[in-house]
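Here's the structure we're looking at; comments come further down.
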Amino acid sequence: MFNAATNTSRSLVSALAALSILASCSGSGDKAKAEALLAEATAAYDARNYAGAITLTDSIKSAYPAEIDVRRQALHLATRATEGLTVQKLQEADSLVAVLGVRGDSLQRLVKFVKNPIEGYYTGASTNPESVGAVNGLQARISPDGDFYIISSLKGKPAKSTSVTVSCNGESASTASVPHDGERNDRSMGAEIITFMGIECDSLGRFINKHRATPMTLTFNGSSSHSMPLPAIQASEITTLYDYATTLRQAKLASIEKERLTRMLDIARTQAAKTYIETPTDEK
128 MFNAATNTSR
138 SLVSALAALS
148 ILASCSGSGD
158 KAKAEALLAE
168 ATAAYDARNY
178 AGAITLTDSI
188 KSAYPAEIDV
198 RRQALHLATR
208 ATEGLTVQKL
218 QEADSLVAVL
228 GVRGDSLQRL
238 VKFVKNPIEG
248 YYTGASTNPE
258 SVGAVNGLQA
268 RISPDGDFYI
278 ISSLKGKPAK
288 STSVTVSCNG
298 ESASTASVPH
308 DGERNDRSMG
318 AEIITFMGIE
328 CDSLGRFINK
338 HRATPMTLTF
348 NGSSSHSMPL
358 PAIQASEITT
368 LYDYATTLRQ
378 AKLASIEKER
388 LTRMLDIART
398 QAAKTYIETP
408 TDEK
């Protein structure tokens, strides 16, 4: 941040120096046009059309390089417009963080944290974590870092499964294939248990979320296949966990964006102060 601010300050100094060098070359032919553009930019700024104001001040810089006094005013107006635009974006980011916070709190009531010697996880409030390996179907979980994953469980119907598919109304979504390795794809306890992480099951979670109110079919894919109705309770829990993971991810990104915009606002205000030009009214 310090380097960014330093570089910005140097750029402003260079810009002002360049304006001074060009001052002696300025003529009067284009002054009226430059001032007209500046008036348009000022009107756009007053109307809170900050992006438009910035575009117009850029036009003054490129079209009338010799109109130094006008360009100085335009440079200051551009920094004020940048400040205004950043404030607008910061307000939007702040609102988004608040909305996602409320949504996250609401969804959090529908999940529970399960302690585990290796790594704890979140799952549906009514989910029995020990049902994996005993009940056929899918169980959604979220890691402490907010990563969504799904565990498939198939017992009594050997298929040597490596992936699963969920379908309804002629549409379907599948997980990635996870080869049998005795760890993420385990068959040692009399059941086929596969853990699908992140991107391997994101499309499946999104599909189930989209069709949450529709009966769906779950198919275990392997050397053979086995299909069954996806239990409504499992679909509901997957939907809740998918929504919660998505909300956590969006909230994290929104917070990062808010912090970035806060830093940008500090820089914009510093620029505006450095490019301020006193007017006769100010001096009285």
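Numbering-wise (my numbering), the sequence shown opens with residue 128 and increments by one. C-beta atoms are modelled at their ideal positions from N, C-alpha and C, and glycine is treated no differently.
Where does residue i land, buried or exposed, given buried means 16+ other C-beta within 10 angstroms?
i	result
Gly251	buried
Asn243	exposed
Arg236	exposed
Tyr403	exposed
Ala419	Nothing can be reported for residue 419, as the shown portion of the chain is limited to 128 through 411.
Met343	buried
Val229	exposed
Glu257	exposed
Asn255	exposed
Thr184	buried
Less than 9 Å separating the beta-carbons of residue i and residue j?
i	j	result
Leu331	Val293	yes
Ser352	Ser299	no
Phe323	Ser279	yes
Ile326	Ala303	yes
Thr206	Ala340	no
Asp329	Phe275	yes
Gly309	Lys282	no
Ser253	Glu364	yes
Can you give me the C-alpha to C-alpha distance between residue i and residue j, rounded to a whole angstrom?
i	j	result
Leu202	Ser382	31 Å
Gln215	Ala170	18 Å
Leu204	Gln377	34 Å
Ala362	Ala220	32 Å
Thr366	Gln218	30 Å
Glu210	Val197	20 Å
Arg199	Arg387	28 Å
Val305	Tyr172	56 Å
Ala180	Gly297	51 Å
Ala225	Thr374	12 Å
Gly231	Gly273	12 Å
Ser301	Ser290	7 Å
Thr397	Leu380	26 Å
Ala359	Ala267	13 Å
Arg314	Ala286	11 Å
Ile245	Arg311	14 Å
Thr182	Cys295	50 Å
Ala159	Lys188	14 Å
Leu149	Ser222	Confidence at Leu149 is low in this model, with a pLDDT of 48, below 50, so its placement is unreliable and the value that follows should be read with caution. Straight-line Cα distance between these residues: approximately 45 Å.
Val259	Leu227	31 Å
Thr389	Ser354	52 Å
Ala193	Tyr369	59 Å
Ala399	Asp157	26 Å
Met391	His307	50 Å
Let me check understanding here. Comparing Cα to Cα, which of the options lies closest to residue i?
i	options	result
Lys284	Gly349, Asp232, Cys295, Tyr249	Gly349
Ser186	Asn176, Glu167, Asp173	Glu167
Tyr371	Tyr248, Pro356, Tyr403, Met391	Tyr248
Ile320	Arg333, Ala303, Ala261, Ile269	Ala261
Tyr191	Leu164, Ala180, Gly179	Leu164
Val357	Lys385, Pro306, Lys160, Asn336	For clarity, residue 357 is Leu in the given sequence; the question names Val instead. Nearest of Lys385, Pro306, Lys160, Asn336 to Leu357, Cα basis: Asn336.
Leu265	Ile245, Pro306, Thr346	Thr346
Val238	Ala225, Glu162, Ser258, Ser270	Ser270
Ile195	Ala161, Ile181, Met391, Asn176	Ala161
Asp393	Ala286, Thr213, Gly273, Val259	Thr213
Tyr177	Lys158, Met391, Ser189, Ala208	Ala208
Within the segment 314-359, ranges of the alpha helix (DSSP H) (whole runs, at least 4 residues)
You should have 329-337.
Every unbroken beta strand (DSSP E) within the segment 368-395, with a cutoff of 3 residues, ordered by chain:
For the segment 368-395, not a single whole beta strand (DSSP E) run of length 3 or above is found.
Length-filtered (3 minimum) beta strand (DSSP E) runs lying within the segment 245-294: With a minimum length of 3 residues, the continuous beta strand (DSSP E) runs that stay inside the segment 245-294 are 248-251, 264-269, 275-282.
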